[in-house]
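Below is one structure; the comments refer to it alone.
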Amino acid sequence: MRLPDPLRRGLPRMLVLTFAVSGAGNCVEVGGAPFVYARTTLGSFVLPARCSHRGGPLHLARVEPGRARLICPWHEQATSVKRLARTGIPAVRRGEVVTAVFADATPDNWSTGHLPLSPDLDGTSVSV
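For the sequence shown, position 71 matches number 325 in our numbering, and the numbering has no gaps at all.
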């Protein structure tokens, strides 16, 4: 469904996708960038699966003990969990699926797949 554009300024494109919280189909790739749903002791959110530093596997990151930061396994680059959650992809979880809204994405440029998650991100870790 396309909304009317009464001011003719061009409405932003939004792509709404539903994907698995875990297991097969737990990763959605939009415009070449993979995303996963992270479940941490600090909260749950849609996470870019690549580190912004050098494209490392952020989906395999660990939570830094005593700090709200993810540590990339490649270069030990720290990323604030609060910043990721605040500036991240809006999402709602219902049961074992999550629905996320991706801004400025085209409806034909996405796919689902699987990426393993670290214990700190898959909801099984109990300590921070």
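All residues carry an ideal CB built from backbone N, CA and C; glycine is no exception.
These figures come from a predicted structure and were not determined experimentally.
Excluding five sequence neighbours on each side, which residues of the same chain lie with their C-beta closer than 7 Å to the C-beta of residue i?
i      : result
Gly309 : none
Ser334 : Ala322 and Arg323
Glu318 : Ile325 and Ala332
When burial is assigned at 16 or more other CB atoms within 10 Å of the CB, is residue i buried or exposed?
i      : result
Thr295 : exposed
Asp358 : exposed
Tell me which same chain residues have a C-beta within less than 6 Å of the C-beta of residue i, skipping the five on either side of it?
i      : result
Leu369 : Cys281, Val290, Ala303 and His313
Ser381 : The predicted model places Ser381 with a pLDDT of 48, which falls under 50 and marks its position as unreliable, so this point remains unresolved.
Arg262 : none
Spatial neighbours of residue i within its chain, please: C-beta separation below 8 Å, excluding the five flanking residues on both sides.
i      : result
Ser365 : Val282 and Glu283
According to DSSP, which residues form a beta bridge with residue i?
i      : result
Ser379 : Per DSSP, none; premise fails for Ser379.
Practice item. Can you check the stretch 268-325 for any beta strand (DSSP E) of at least 3 residues that lies completely inside it and give the ranges in chain order? Key: 268-274, 281-284, 287-294, 297-302 and 323-325
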